[in-house]
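Quick notes on the structure that follows.
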Amino acid sequence: MSQLAPDQQPEGWSSIAEVYDQSFTSMTSQLAEAALEQLDIQLGEEVLDVATGTGVFALGAARRGANVLATDFAPGMIELLQKRIDEFDLKLIRTAVMDGQSLELEENQFDVAASIVGIIFFPDIDKGIAELKRVVKPGGRVAVVCWGEMEKFQMMHYLRRAIEITAPDFELPDSTPVWARLLGHESLQDAMQRAGLRDVQVTRIMASHELPSASEYWETFTSSAPPLQLLFQRLGEENTRRAGEAFAELVTRDCNGATPCLSAEACIGTGVVA
Ligand SMILES: C[S@@+](CC[C@H](N)C(=O)[O-])C[C@H]1O[C@@H](n2cnc3c(N)ncnc32)[C@H](O)[C@@H]1O
């Protein structure tokens, strides 16, 4: 039996590509845009996006005139991105299904390689960063984005509160989530320096997601990432419905009549290949 968590397996992500795109990419596209700015992508540069998902970083790099290879280990994510590429006839992006821990790519061929909240899921995070560095030319740039302080991850905060209120006997997982193994400014800085990148800089950014309505958001949120799917399966249908009502109430109350909005802190790390 596999020791890997559901968010470390391609099937987990493939089956939810559409829902992930609806629930998370309005946030991750803000992280991608900030990373693209910091990397200062130039026309004609060769850019690699690892764990691209539905392609927020890859699409942004192509909009800036770069030639992009977008990779992910989940065929479902790549199919969705490829559909978008075909629909808009985007000539600057190619896609490939690939594990980011062992990229099937020659070394020293990209000007830039990045992973937006992707490497955080890898069983071997250091290997993921080392692979970005390996395929980038000397003098090229690498970016890794992870989430910031857990307390500032509002959707997770409201989710916990809603379950505690409506199902107080339910045991919420107390182990560190897979994606929180690389979390925050210091651990990102350490990981990038450990990889041998130079001029490492880490900045914090708040990303926010305006919700159509908190209850409508709940419908997609419950299946928008593999660990959430698992959590709600365990919680059961009735408790999930009640937790959804509490979630909507908490979010709506805290936004004081303004458009409901959820925010999260992320850290953007950049470095240069020696
Ligand atoms: C939270 S999503 C981020 C997607 C996208 N970068 C974004 O910012 O919206 C995480 C992505 O990592 C991918 N992923 C997880 N482990 C991977 C691995 N070992 N190799 C390649 N992709 C992986 C998943 O398939 C998923 O698309």
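When you read off a place in the sequence shown, starting at 1, and then add 1168, the result is the number in our numbering. Note that CB positions come from ideal geometry on N, CA and C, so glycine has one too. Since this is a predicted model, take the numbers as computed values, not measurements.
- How big is the Cα-Cα spacing for residue 1389 and residue 1289? The residue labelled residue 1389 in the question sits at position 221 within the sequence shown. The residue labelled residue 1289 in the question sits at position 121 within the sequence shown. Spanning the two alpha carbons is a distance of roughly 19 Å.
For ligand 1, is there a heavy atom less than 8 Å away from the beta-carbon of residue 1376? Along the sequence shown, read from residue 1 onward, the residue named residue 1376 stands at position 208. Residue 1376: no, Cβ never under 8 Å from ligand 1.
Exercise for the section: Count the other CB atoms, across all protein chains shown, that sit within 10 Å of the CB of residue 1381; report buried if there are 16 or more and exposed otherwise. Expected result: Taking the first residue of the sequence shown as position 1, residue 1381 is located at position 213. Exposed.
Just list the residues that DSSP pairs residue 1238 with in beta bridges. The sequence position of residue 1238 within the sequence shown is 70, counting from 1. Beta-bridge pairing links residue 1238 to 1217 and 1263.
Next item on the list: Tell me whether the beta-carbon of residue 1281 lies closer than 9 Å to the beta-carbon of residue 1313.
Entry: Against the sequence shown, residue 1281 aligns to sequence position 113. Against the sequence shown, residue 1313 aligns to sequence position 145. For residue 1281 and residue 1313, no; Cβs fall outside 9 Å.
Query raised in the report: Secondary structure at residue 1208, three-state DSSP: helix, strand or coil?
Result: Translated into positions along the sequence shown, residue 1208 becomes position 40. Note: residue 1208 maps to coil in three-state DSSP.
- prompt: With burial defined as no fewer than 16 other Cβ atoms inside 10 Å of the residue's Cβ, what is the status of residue 1221: buried or exposed?
  reply: The residue labelled residue 1221 in the question sits at position 53 within the sequence shown. Buried, because 16 or more other Cβ atoms sit within 10 Å of the Cβ of residue 1221.
Self-check item: The beta strand (DSSP E) enclosing residue 1164, as first and last residue numbers
Solution: This structure gives no information on residue 1164, because the portion of the chain shown stretches from 1169 to 1442.
Problem - Anticipated Cβ contact below 8 Å, residue 1315 with residue 1245, distance rounded - result: Counting from 1 along the sequence shown, the entry for residue 1315 is found at position 147. Counting from 1 along the sequence shown, the entry for residue 1245 is found at position 77. Actually they are not in contact, since the Cβ atoms of residue 1315 and residue 1245 sit about 19 Å apart, beyond 8 Å.
Below 6 Å CB to CB, which residues in the same chain sit around residue 1234 once its five sequence neighbours on both sides are set aside? Indexing the sequence shown from 1 puts residue 1234 at position 66. For residue 1234, where only same-chain residues beyond five positions count, the Cβ hits under 6 Å are 1209, 1213 and 1215.
Q) So what's residue 1169 in DSSP terms, helix, strand or just coil? A) Here residue 1169 refers to the residue found at position 1 of the sequence shown. Its pLDDT being 46, under 50, residue 1169 is placed unreliably by the model, and the measurement read from it follows with that caveat. Residue 1169 falls in the coil class under three-state DSSP.
Span of the beta strand (DSSP E) around residue 1278: To locate residue 1278, count along the sequence shown from 1; it is residue 110. Taken as a continuous stretch (DSSP letters only), the beta strand (DSSP E) holding residue 1278 covers 1278-1284.
Where do the ends of the alpha helix (DSSP H) carrying residue 1246 lie? Taking the sequence shown and counting its residues from 1, one reaches residue 1246 at position 78. Where residue 1246 is concerned, the enclosing alpha helix (DSSP H) stretches over 1243-1255.
TODO: Check whether the Cβ of residue 1437 sits closer than 8 Å to any heavy atom of ligand 1, and report yes or no.
DONE: The residue given as residue 1437 occupies position 269 in the sequence shown. Residue 1437 Cβ: outside cutoff for every heavy atom of ligand 1.
Exercise for the section: Consult DSSP for residue 1197 and reduce its assignment to one of helix, strand or coil. Expected result: Position 29 of the sequence shown holds residue 1197. Residue 1197 falls in the helix class under three-state DSSP.
Local conformation of residue 1337 per DSSP, three classes: Here the question's residue 1337 lines up with position 169 in the sequence shown. Residue state, collapsed to three classes: coil.
Pick from 1236, 1223 and 1242 that is closest to residue 1249, judged by C-alpha positions: Reading the sequence shown from its first residue, position 81 is the one you call residue 1249. Among 1236, 1223 and 1242, the Cα nearest to that of residue 1249 belongs to 1223.
For residue 1201, which residues from the same chain have a beta carbon less than 7 Å from its beta carbon, with the 5 sequence-adjacent residues on both sides left out? On the sequence shown, residue 1201 is found 33 positions in, with the first residue counted as 1. The answer, listed in chain order, is 1228.
Query raised in the report: What's the gap between the Cα of residue 1191 and the Cα of residue 1392?
Result: What you label residue 1191 is simply residue 23 of the sequence shown in a count that begins at 1. What you label residue 1392 is simply residue 224 of the sequence shown in a count that begins at 1. The alpha-carbon atoms of residue 1191 and residue 1392 are separated by roughly 6 Å.
For ligand 1, any of its heavy atoms closer than 8 Å to the Cβ of residue 1263?
As a working note, residue 1263 is residue 95 in the sequence shown. Residue 1263: no, Cβ never under 8 Å from ligand 1.
query = Residues bridged to residue 1324 by DSSP?
reply = The residue labelled residue 1324 in the question sits at position 156 within the sequence shown. DSSP output for residue 1324 lists no bridge partner at all.
* Since I believe residue 1305 is in contact with residue 1277 (beta carbons under 8 Å), could you give me their beta-carbon distance rounded to a whole number of angstroms? => Indexing the sequence shown from 1 puts residue 1277 at position 109. Indexing the sequence shown from 1 puts residue 1305 at position 137. Confirmed, about 7 Å.
Exercise for review: Whole angstroms is fine: what's the gap from residue 1239's alpha carbon to residue 1267's?
Suggested key: Residue numbering aside, residue 1239 sits at position 71 when the sequence shown is read from its first letter. Residue numbering aside, residue 1267 sits at position 99 when the sequence shown is read from its first letter. Going by the C-alpha atoms only, they are around 8 Å apart.
Review point. Regarding residue 1267 and ligand 1, is the C-beta to nearest heavy atom distance less than 8 Å?
Key: If you number the sequence shown from 1, residue 1267 lands on position 99. Residue 1267 Cβ: within cutoff of ligand 1.
For the pair the segment 1340-1354 and the segment 1415-1426, tell me if three or more CB-CB distances fall below 8 Å. no
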